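Novice: Dumping the structure here so I can ask a few things about it.
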Amino acid sequence: MSAYLRTMMPAAFAVLLLFSYWSLAQDRLEGRIVDDKTGLPVAATLALADGEGKRLEIDGNHSHVEYLGKRRCYADGSFALSTRPDRLVIELRRGFETLPLRAELDLTQRVSEPLTFRLRRWIDMRELGYMSGDTHVHLLSQSDSHLQMRAEDLNIVNLLVSDFTRDREKFSGKLDPVSTAGNAVYVGQEARDWQQGHVLLLGIKQIVEPFEPYGGTFQGRTEPNLLMARFLREARAQGGATTWAHFCNLPGAESPIDIALGLVDAVDLVTYDDPTQLPSHWGPWKNSGMSQAEFTVMRSLDLYYQYLNAGFRVPLGGGTDKMGNDLRVGSTRL
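Quick note on the working numbering: the sequence shown kicks off at 63 and runs consecutively.
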């Protein structure tokens, strides 16, 4: 090899690297998501597609949720695409108080600066003195809970440990360190009995024992029934709040007693089922000896109004019982 070639090869290699970097930069697309009023970055969900309708995935590790027929990515104020389509269809959503944004963009003209998408509120319930939350979330990490609650515009998320999620190590008995101003993550507990019902223990300082046993007859397994009243009393003694979990789905044989005793702060009448219909978990009532026509309280809305008619003013709570990507946190807020 000549001395000239040896001299020129490093420079040629540097030019090749620079050209490759320039090509990648030209193909890469970056976007920012900001609040229209403040201009500050905000988390949101987004669904992207090219001009042919093919779904696009943003770069990096991120969680997802599926609703309204689309798989959506959670983005924390910004996103990037390693491949740049000629046309981009983007849909952004952020809870119920922000207007959804849908845009079709022509990207044939190269621009160096990130695209900016401004999300505009149609109402701000917090300014009116209200806060929104989810009483019933499972399986997320604390950091994912914090991102998803901000993307859904929630103020409080109650992440629950339980016998079936087996994640007791998440519990600390205090506000989780991942929390920020206006977005609080608490780790609470769900206690369950197949016949008696499921209850949520929120804001507790210690796990209420027993943590593992699951009482009643379920999927061919029979265990001694557990009274929920003891769990509710102990949670109250710790200064916590109590709600009856997914009341629309499993009102539980014990709920009339515990409501009459004043141990229940709220019932989650809306979760993932229609409260006007028979609950999908209606197995506990099969041995009641009554027909569905006779046992009208199997419909949770009927049962709730019977409580009201009897003089019990039980507030409504909103818990999703989120356990997968098919449900977004806060989707059943009241």
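From the three backbone atoms N, C-alpha and C, an ideal C-beta is built for every residue, glycine too. Nothing here was measured: the structure is a model prediction, and the numbers come from that model.
Nearest CA to the CA of G392: which residue from A291, L370, T333, Q300?
Specialist: Relative to G392, the option among A291, L370, T333, Q300 whose CA is nearest is T333.
Novice: Check whether the segment 201-219 touches the segment 239-256, taking contact to mean three or more Cβ pairs, one atom from each stretch, closer than 8 Å.
Specialist: yes
Novice: Count the CB pairs spanning the segment 295-312 and the segment 254-266 that are closer than 8 Å, and state whether there are at least three.
Specialist: Yes, the segment 295-312 touches the segment 254-266.
Novice: Would you report the Cα separation of V270 and K232, rounded to the nearest angstrom?
Specialist: 14 Å
Novice: Which partner residues of H260 appear in the DSSP bridge assignment?
Specialist: Answer is R254.
Novice: Which stretch, first to last residue, makes up the alpha helix (DSSP H) that contains R212?
Specialist: 204-213
Novice: Using DSSP with H/G/I as helix, E/B as strand and the rest coil, what is A372?
Specialist: coil
Novice: Is there contact between the segment 336-343 and the segment 317-324, where contact requires at least three CB pairs shorter than 8 Å?
Specialist: no
Novice: How about R180 and L167: do their beta carbons lie closer than 9 Å?
Specialist: Note that the C-beta distance between R180 and L167 is not below 9 Å.
Novice: For V199 and T170, what's the separation of their Cα atoms in angstroms?
Specialist: 43 Å
Novice: If we ignore side chains and look at the alpha-carbon of each, how far apart do D89 and I120 end up?
Specialist: 13 Å
Novice: Measuring CB to CB, does F141 end up less than 9 Å from E92?
Specialist: yes
Novice: Give every residue of the same chain whose Cβ lies closer than 6 Å to the Cβ of A109, excluding the five residues on either side of it in the sequence, and list them in chain order.
Specialist: K132, R134, E153
Novice: Taking 6 Å as the limit between beta carbons, can you name the residues of its chain near L389, skipping five residues before and five after?
Specialist: T382
Novice: Quick one: Cα of V376 to Cα of A328, how far?
Specialist: Taking the straight line from one Cα to the other gives about 6 Å.
Novice: How would you write the range of the alpha helix (DSSP H) that F293 sits in, first residue to last?
Specialist: 290-299
Novice: Suppose contacts are defined by Cβ-Cβ distances below 9 Å. Is T160 in contact with R183 by that definition?
Specialist: yes
Novice: Going by other Cβ atoms of all chains shown within 10 Å of its Cβ, with 16 needed for buried, is Y367 buried or exposed?
Specialist: exposed
Novice: Within this structure, are the beta carbons of G139 and R94 separated by less than 9 Å?
Specialist: yes
Novice: Which same chain residues end up closer than 7 Å to D238 when comparing Cβ atoms and leaving out the 5 residues on each side of it in sequence?
Specialist: Q204, V247, Y248, V249
Novice: Tell whether a beta-carbon distance below 9 Å holds between Y136 and Q257.
Specialist: no
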